[in-house]
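Visitor: With my numbering, letter number 100 in the sequence shown gets 118, and the count goes up by one each step, no holes. Glycine is no exception: its CB is placed at the ideal position from the N, C-alpha and C atoms. Everything numeric in this text was worked out from a predicted model, so none of it was measured.
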Amino acid sequence: TISETEAFFAQIKPVLGDTSHCDVVVAPPFTALSVAAKAAEPLGVRVSAQDLYWEKDGAWTGEVSAVMIRDTGCTYVIIGHSERRMYFGDTDEVVNKKVHAVINGAMTPIMCVGETLAEREAGSTEAKVLGQVKAGLAGRKAEQVAGLVIAYEPIWAIGTGRNATPADAQAVIGAIRKAVVGQFGADAGAAVRIQYGGSVKAGTIAELMAEPDVDGALVGGAS
19 TISETEAFFA QIKPVLGDTS HCDVVVAPPF TALSVAAKAA EPLGVRVSAQ DLYWEKDGAW
79 TGEVSAVMIR DTGCTYVIIG HSERRMYFGD TDEVVNKKVH AVINGAMTPI MCVGETLAER
139 EAGSTEAKVL GQVKAGLAGR KAEQVAGLVI AYEPIWAIGT GRNATPADAQ AVIGAIRKAV
199 VGQFGADAGA AVRIQYGGSV KAGTIAELMA EPDVDGALVG GAS
């Protein structure tokens, strides 16, 4: 809620201090975006929406466009979160449209990819994840890809208490970076931020961040 969002920012203000080693982004629900953006600005924190609809305008009752989101002061949008893919039918094609809409709306996509437990056990993690990356970024320019964020979130590790090991995260994120290099060139591959998400906790973050290709974390419950 709006009041919970205000309370959250009041709580994180003294914790953040003069944070300069990383960028901090908070992603509240649509209804709290404006309040969050106002509270975040003096802290140097950015705000992200959790989703959007890809059409700029039109008769799409109940949907929220990039123009509406940007108007709140938002600068990021999470796209293709596993819950959107699992429960709301966001396909790779839909993710691609949404990534395009975010970029056209002068914001930064945080594009999520990840495999299920069944896919991991079948040995198809890389095929699934790299397929999502390729499809989600199809039609984009190298300079656009260089400026966005990709979040690898193995679905089997979200809210389950089961963590991918740092080595697991590095293996998949390293493969994602190589795929970006192959599709968009070395500069884009070096510049794109690739995060890990999935039961990230204070006790595991240091090991994860020590891996060479892990640029940050998409944190859920432990945030």
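1. In the region 91 to 149, which residue ranges form an unbroken beta strand (DSSP E) of at least 3 residues, counting only runs that do not cross its ends?
2. Can you tell me whether GLN29 is helix, strand or coil according to DSSP?
3. Going by the beta-carbon positions, is the gap between SER52 and GLY98 smaller than 8 Å?
4. Could you tell me the alpha carbon to alpha carbon distance between ALA58 and PHE27, rounded to whole angstroms?
5. Would you check if the distance between the CB atom of ALA206 and the CB atom of ALA164 is smaller than 8 Å?
6. Have a look at GLY221, ILE212 and ASP36 and flag the residue whose alpha-carbon is nearest the alpha-carbon of CYS130.
7. Closest to THR126 by CA distance: which of ALA45, LYS219 and GLY35 is it?
8. I need the straight-line Cα distance from LYS116 to GLY221, nearest angstrom please.
9. Find out if the Cβ-Cβ distance for the pair ALA119, ALA84 is shorter than 8 Å.
10. Can you tell me whether ASN122 is buried or exposed? The criterion is at least 16 other CB atoms within 10 Å of its CB, across all chains shown.
11. Check LEU236 in the structure and name its three-state DSSP category.
12. Rounding to the nearest angstrom, what Cα-Cα distance links GLY234 and ALA193 in this structure?
13. For GLY149, which option in ALA67, ALA185, ILE176 and ASN114 has the closest C-alpha, if you only look at C-alpha atoms?
14. Kindly give me the distance between the Cβ atoms of TYR94 and SER66, rounded to whole angstroms, as I take these residues to be in contact under 8 Å.
15. List the whole-angstrom C-beta distance separating GLY203 from ALA156, where the pair is believed to meet the contact cut-off of C-beta under 8 Å.
16. From this set, THR79, GLY62, GLU111 and ALA209, which residue's C-alpha is nearest VAL33's C-alpha?
17. Compare the C-alpha of PRO47 against each of THR23, ILE30 and GLY80 and name the closest.
18. Measuring only the C-alpha atoms, how far is GLY243 from ILE20?
19. Rounded to the nearest angstrom, what separates ASP89 and PRO172 at their Cα positions?
20. Which runs of the alpha helix (DSSP H) spanning at least 4 residues fall entirely within the region 37 to 65, listed in chain order?
21. Helix, strand or coil: which one does DSSP assign to VAL167?
22. Are there 16 or more other CB atoms within 10 angstroms of the CB of SER100, so buried, or fewer, so exposed?
23. Would you mind giving the Cβ-Cβ distance between ALA153 and ASP110, rounded to the nearest angstrom? I have them listed as a contact below 8 Å.
Guide: This is what the structure gives:
1. 94 to 97 and 126 to 131
2. helix
3. no
4. 7 Å
5. In contact: ALA206 and ALA164 (Cβ atoms closer than 8 Å).
6. ILE212
7. ALA45
8. Spanning the two alpha carbons is a distance of roughly 34 Å.
9. Yes, Cβ-Cβ distance for ALA119 and ALA84 is below 8 Å.
10. exposed
11. strand
12. 16 Å
13. ASN114
14. 3 Å
15. In fact, because the Cβ distance is near 15 Å, the residues do not count as touching under 8 Å.
16. GLY62
17. THR23
18. In this structure the chain extends from 19 to 241, so residue 243 is not present and cannot be described.
19. 32 Å
20. Taken in chain order, the complete alpha helix (DSSP H) segments of 4 residues or longer contained in the region 37 to 65 are 51 to 58.
21. strand
22. SER100 should be labelled buried.
23. 4 Å
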